[in-house]
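Worksheet: one structure, shown below.
There are 2 protein chains.
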Amino acid sequence: MSSLKFTAESSSNGMVERDFTVGDVPGVLWSPASGATDRTPLVLMGHGGGNHKKHPAMSGRARLLVAGCGFHVAVVDAPGHGDRPRTAHDEAEIAELFRARAAGEPEGPIVVRYNDHLAERAVPEYLALLDALQELPEIGTEGPVGYWGINMGTAIGIPLVAVEPRITAAVFGQHWPDVLAEKAKRITIPIEFDLQWDDEHISREEGLALFDAFASKEKSLHVNSGKHKELPRFEADSAVRFFARHLGGAATTAA
Amino acid sequence: MSSLKFTAESSSNGMVERDFTVGDVPGVLWSPASGATDRTPLVLMGHGGGNHKKHPAMSGRARLLVAGCGFHVAVVDAPGHGDRPRTAHDEAEIAELFRARAAGEPEGPIVVRYNDHLAERAVPEYLALLDALQELPEIGTEGPVGYWGINMGTAIGIPLVAVEPRITAAVFGQHWPDVLAEKAKRITIPIEFDLQWDDEHISREEGLALFDAFASKEKSLHVNSGKHKELPRFEADSAVRFFARHLGGAATTAA
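So the sequence lines, in the order shown, correspond to chains Y and C.
Remember, this note's numbering sits 8 above the position in the first sequence when you count from 1.
Remember, this note's numbering sits 8 above the position in the second sequence when you count from 1.
Here it is in structure tokens:
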């Protein structure tokens with residue numbers, strides 16, 4: 009088991025940011041500057057395809073959870089993303105995606121296949137990450153754990169949550185059901201799921217089929233008008249309230 | 009044009025409740041006890057079938073909007089509901105609904121037909137209500153106006169909003185698309201729409217078809233697991249945040 013090594017630390021506006029590695033996987037842990045209390049909830053996040061652990065979508069969501077709820081938030085670079093090297097397979101798949109995009113062909117089949125490959129590499133990394141984070145004295149094993157990832161973050165998160173009982177609430181969204189629906193059927197924790205009604209890549213039927221697959225007794229679907237990249241910012245606030253309801257803590261995020 | 013006559017007044021926990029009549033239609037107006045300011049938003053609500061203007065769902069939503077946002081909220085008894093007399097037609101339709109329910113037959117065809125009849129009577133009443141409310145000096149014509157009604161409140165609200173340009177944001181949900189979808193196509197204001205994924209009366213396809221019909225550029229669908237009467241209470245908080253976003257005012261509702 010790899011332990012977590014901190015490599016850098018900074019803080020701003022009440023949030024401490026610590027870069028770390030677990031084995032050769034680089035990540036970032038955001039925590040309240042005021043210090044965490046016992047049983048402080050932890051949210052693991054997964055970034056979107058082509059992005060990285062400190063993309064503004066990640067740091068922005070982290071700020072809502074840390075400043076608004078007093079939670080810890082951790083995210084690692086996915087395989088082939090951010091500060092991590094690309095394999096020849098990564099390069100080939102990315103080239104194929106760009107070729108299809110330029111040719112106006114559907115991206116779905118390539119993204120589904122490549123994300124499945126990335127998830128097979130990333131799930132063991134997230135399991136090791138959670139082990140290592142829970143060894144930190146300021147986190148420990150008592151606090152509840154959530155997962156939040158959209159797009160590629162869902163492709164990694166669904167197989168992760170399907171095998172990891174420590175995660176007890178999750179926010180997913182915007183992915184094709186191929187590969188993932190069978191794994192979603194094994195998930196019973198509360199879920200919030202986002203999809204875009206006018207998504208140019210994922211059809212309504214595909215998005216609804218993935219939401220439908222979760223075995224969760226409590227699940228919510230948030231559909232918004234707009235294209236794939238137009239997920240409204242207020243859905244991040246909604247996700248934070250979802251985690252506050254299920255993991256505890258007071259969401260003080262303004263409307 | 010009928011003017012509004014107040015018939016009773018009480019207050020509790022920072023909210024003033026005033027009963028009124030407009031013509032022969034009884035209603036209730038809830039307002040902040042601290043007094044309204046210029047351009048204070050107003051939300052008109054429509055209650056559910058078989059309920060009335062002061063059902064806990066109405067007074068509870070009003071408290072969120074008045075105490076949380078400082079808005080005015082008004083609701084009237086629908087025709088044949090609450091303090092209003094039933095016509096022979098009302099009695100016959102209600103008897104038919106109860107018969108179908110006891111026989112295990114689908115309620116949809118009866119509810120769709122009867123709600124359409126009620127909406128034809130109620131829409132002019134809501135238009136007169138809004139005229140009369142805007143004649144009150146503490147409301148006036150400058151503040152933005154919203155509409156919030158689920159179930160029968162949607163059956164009345166969609167034809168109302170389709171013809172009333174003063175209403176600029178609306179929360180609807182849980183109704184069949186028959187009759188209403190054609191009217192929804194004329195609605196372009198921001199919409200939040202609730203449906204239940206396991207509704208025993210309204211199929212998923214029917215619920216989605218009504219959401220899809222709105223011509224609104226900004227529209228959000230909130231689907232939750234559970235049966236017809238199990239709409240989660242946090243959807244009321246979400247609706248309040250929706251009105252705060254679109255009509256102004258600070259939603260201070262806790263998560």
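No residue lacks a Cβ here, since even glycine has one placed at the ideal position from N, Cα and C.
Report the three-state DSSP secondary structure of residue i (helix, strand or coil).
{"i": "glutamate 216(C)", "result": "Here the sequence assigns leucine to residue 216(C), which means glutamate is not the residue at that position. Helix."}
{"i": "valine 120(Y)", "result": "helix"}
{"i": "lysine 191(C)", "result": "helix"}
{"i": "proline 49(C)", "result": "coil"}
{"i": "alanine 178(C)", "result": "strand"}
{"i": "alanine 82(Y)", "result": "strand"}
{"i": "alanine 65(Y)", "result": "helix"}
{"i": "glycine 54(Y)", "result": "strand"}
{"i": "isoleucine 298(Y)", "result": "Limits of chain Y in this structure are 9 at one end and 263 at the other, which puts residue 298(Y) out of reach."}
{"i": "glycine 157(Y)", "result": "strand"}
{"i": "isoleucine 166(Y)", "result": "helix"}
{"i": "histidine 97(C)", "result": "helix"}
{"i": "alanine 263(C)", "result": "Any reading at alanine 263(C) must be qualified, since the residue scores a pLDDT of 32, below 50, and its modelled position is unreliable; no value is offered."}
{"i": "glutamate 133(Y)", "result": "helix"}
{"i": "serine 42(C)", "result": "coil"}
{"i": "glycine 151(C)", "result": "coil"}
{"i": "glutamate 128(C)", "result": "helix"}
{"i": "alanine 244(C)", "result": "helix"}
{"i": "phenylalanine 251(C)", "result": "helix"}
{"i": "glutamine 142(Y)", "result": "helix"}
{"i": "arginine 92(Y)", "result": "coil"}
{"i": "serine 10(C)", "result": "coil"}
{"i": "glycine 76(Y)", "result": "helix"}
{"i": "alanine 108(C)", "result": "helix"}
Determine the burial state of residue i: buried for a count of at least 16 other Cβ atoms within 10 Å of its Cβ, exposed for fewer.
{"i": "phenylalanine 14(C)", "result": "exposed"}
{"i": "histidine 80(Y)", "result": "buried"}
{"i": "arginine 249(C)", "result": "buried"}
{"i": "asparagine 21(C)", "result": "exposed"}
{"i": "glycine 58(Y)", "result": "exposed"}
{"i": "threonine 48(C)", "result": "buried"}
{"i": "arginine 109(Y)", "result": "exposed"}
{"i": "proline 87(C)", "result": "buried"}
{"i": "glutamate 213(C)", "result": "exposed"}
{"i": "serine 224(Y)", "result": "buried"}
{"i": "proline 167(Y)", "result": "buried"}
{"i": "arginine 5(C)", "result": "This structure cannot settle anything about residue 5(C), because the visible part of chain C is limited to 9 through 263."}
{"i": "glutamate 115(C)", "result": "buried"}
{"i": "alanine 252(C)", "result": "buried"}
{"i": "alanine 263(Y)", "result": "Because the pLDDT of alanine 263(Y) is 32, which lies under 50, any placement of that residue in the model is unreliable, and the number read from its coordinates should be weighed accordingly. Classification of alanine 263(Y): buried, given that the 10 Å Cβ count is 16 or more."}
{"i": "serine 246(C)", "result": "buried"}
{"i": "arginine 241(Y)", "result": "exposed"}
{"i": "proline 93(Y)", "result": "exposed"}
{"i": "serine 233(Y)", "result": "buried"}
{"i": "glutamate 7(Y)", "result": "Missing from the structure shown is residue 7(Y); chain Y here goes from 9 to 263 and no further."}
{"i": "lysine 62(C)", "result": "buried"}
{"i": "histidine 254(C)", "result": "buried"}
{"i": "histidine 97(C)", "result": "exposed"}
Give me the DSSP bridge partner(s) of residue i.
{"i": "glutamine 204(C)", "result": "Asn232(C)"}
{"i": "aspartate 27(Y)", "result": "Ala16(Y), Val36(Y)"}
{"i": "lysine 237(Y)", "result": "Per DSSP, none; premise fails for lysine 237(Y)."}
{"i": "lysine 227(Y)", "result": "Ile199(Y)"}
So which of the options has the shortest CA-CA distance to residue i?
{"i": "glutamate 104(C)", "options": "Gly215(C), His209(C), Ile118(C)", "result": "Ile118(C)"}
{"i": "asparagine 123(Y)", "options": "His55(Y), Asp202(Y), Ala163(Y)", "result": "Ala163(Y)"}
{"i": "lysine 227(C)", "options": "Pro198(C), Glu213(C), Ile210(C), Leu239(C)", "result": "Pro198(C)"}
{"i": "serine 10(C)", "options": "Gly161(C), Asp139(C), Val153(C)", "result": "Asp139(C)"}
{"i": "methionine 23(C)", "options": "Ala192(C), Leu37(C), Gly112(C), Ala252(C)", "result": "Leu37(C)"}
{"i": "glycine 165(C)", "options": "Phe28(C), Thr45(C), Gly54(C), Ala16(C)", "result": "Gly54(C)"}
{"i": "alanine 170(Y)", "options": "Met160(Y), Ile195(Y), Asn159(Y)", "result": "Ile195(Y)"}
{"i": "isoleucine 175(C)", "options": "Arg71(C), Tyr155(C), Ile210(C), Val187(C)", "result": "Tyr155(C)"}
{"i": "isoleucine 147(C)", "options": "Pro40(C), Ser211(C), Ser19(C)", "result": "Pro40(C)"}
{"i": "valine 265(Y)", "options": "Ala96(Y), Pro145(Y), His125(Y), Leu218(Y)", "result": "Examination of residue 265(Y) is not possible in this model, given that chain Y is present from 9 through 263 alone."}
{"i": "cysteine 77(Y)", "options": "Val83(Y), Arg69(Y), Glu101(Y)", "result": "Arg69(Y)"}
Checklist entry - What are the residues of the segment 226 to 241 of chain C that lie near chain Y, defined by any Cβ-Cβ distance shorter than 9 Å? => result Closer than 9 Å at the C-beta level to chain Y, one finds these residues of the segment 226 to 241 of chain C: Glu226, Lys227, Ser228, Leu229, His230, Val231, Asn232, Ser233, Gly234, Pro240.
Item to check | chain Y contacts made by the segment 39 to 50 of chain C, where a contact means CB separation under 8 Å | outcome: Correct list: empty, as no residue qualifies.
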